[in-house]
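Trainee: In the working numbering, the protein residues as written are 6 to 207. C-beta atoms are modelled at their ideal positions from N, C-alpha and C, and glycine is treated no differently.
1. What residue range does the alpha helix (DSSP H) around residue 45 cover?
2. Under three-state DSSP, which class holds residue 67?
3. For residue 149, is the classification buried or exposed, using 16 other Cβ atoms within 10 angstroms of its Cβ as the cut-off for buried?
4. Excluding the 5 residues flanking residue 188 on each side, which residues of the same chain have their C-beta closer than 7 Å to its C-beta?
5. Pick helix, strand or coil for residue 200, following the three-state DSSP scheme.
6. Quick check on this structure: which residue in 59, 45, 42, 46 has the alpha carbon closest to the alpha carbon of residue 28?
7. Given a cut-off of 7 Å, decide if residue 101 and residue 49 are closer than it, judged by their beta-carbon atoms.
8. Please determine if the region 175–193 and the region 142–162 are in contact, where contact requires at least 3 C-beta pairs separated by less than 8 Å.
9. I'd like to know if the region 104–118 and the region 71–83 are in contact, where contact means that at least 3 CB-CB pairs between them fall below 8 Å.
10. Going by DSSP, what residue range makes up the alpha helix (DSSP H) through residue 95?
11. Using three-state DSSP, classify residue 193 as helix, strand or coil.
12. Pick out whichever of 176, 196, 162 has its Cα sitting closest to the Cα of residue 41.
Printed below as a string of structure tokens:
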């Protein structure tokens with residue numbers, strides 16, 4: 006199982022890293038256009054984005070737009086490189102983030118900026134690949150799978166380039182699916198029973 010996941014990570018990361026900076030920007034803009042059409046995003050007062058790096062779907066401009074719309078923005082953070090627990094930390098401006106372990110950006114964590122997951126209206130989730138049932142393959146650290154436990158299915162949105170969608174991924178008992186996937190070409194609604202057999206495009 007793990008060897009299969011490693012192969013998928015390698016293949017999809019290689020594909021993603023072949024994208025030009027311009028293509029990443031264009032696709033990311035298309036993805037945000039899809040996000041803004043979601044009624045859940047329009048209604049959300051508190052949203053959780055990830056701080057993008059490398060060839061990931063770019064989120065900086067999305068976060069700035071959310072700030073401009075008066076939304077509270079939350080981002081993932083960990084306390085140290087050996088910590089398996091991910092926290093949700095409020096951020097007031099992108100400049101408050103710094104480069105941390107694994108090449109990720111995050112704000113400092115303190116008692117004043119940690120937000121409980123039940124106070125977040127919508128969570129945007131990164132991934133290297135997503136399948137027809139909403140399951141994802143991440144980077145292998147398991148941070149999101151652990152943190153998303155207990156978060157309602159319908160509050161989770163995977164962000165991906167369209168080529169990152171595949172029919173089936175190897176899954177394990179701790180893997181959790183997302184409720185919606187947004188790419189530059191489509192917005193995909195995952196069936197509530199998590200038993201979809203085809204892409205349900207909104």
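Mentor: If we stick to the structure as given:
1. From DSSP, the alpha helix (DSSP H) with residue 45 extends over 44–48.
2. The answer is helix: DSSP assigns residue 67 an H, G or I state.
3. Label assigned to residue 149: buried.
4. Within the same chain, Cβ atoms closer than 7 Å to the Cβ of residue 188 are found at 36, 165, 166, 167, 170, the five residues on either side in sequence being excluded.
5. With a pLDDT of 49 at residue 200, under the threshold of 50, the modelled position of that residue is not reliable, and no figure is offered here.
6. Of the listed residues, the one whose Cα sits closest to residue 28 is 59.
7. Contact: no.
8. The region 175–193 is in contact with the region 142–162.
9. A contact exists between the region 104–118 and the region 71–83.
10. Per DSSP, residue 95 belongs to no alpha helix (DSSP H); it is in the beta strand (DSSP E), 92–96.
11. It is a strand residue.
12. Of the listed residues, the one whose Cα sits closest to residue 41 is 162.
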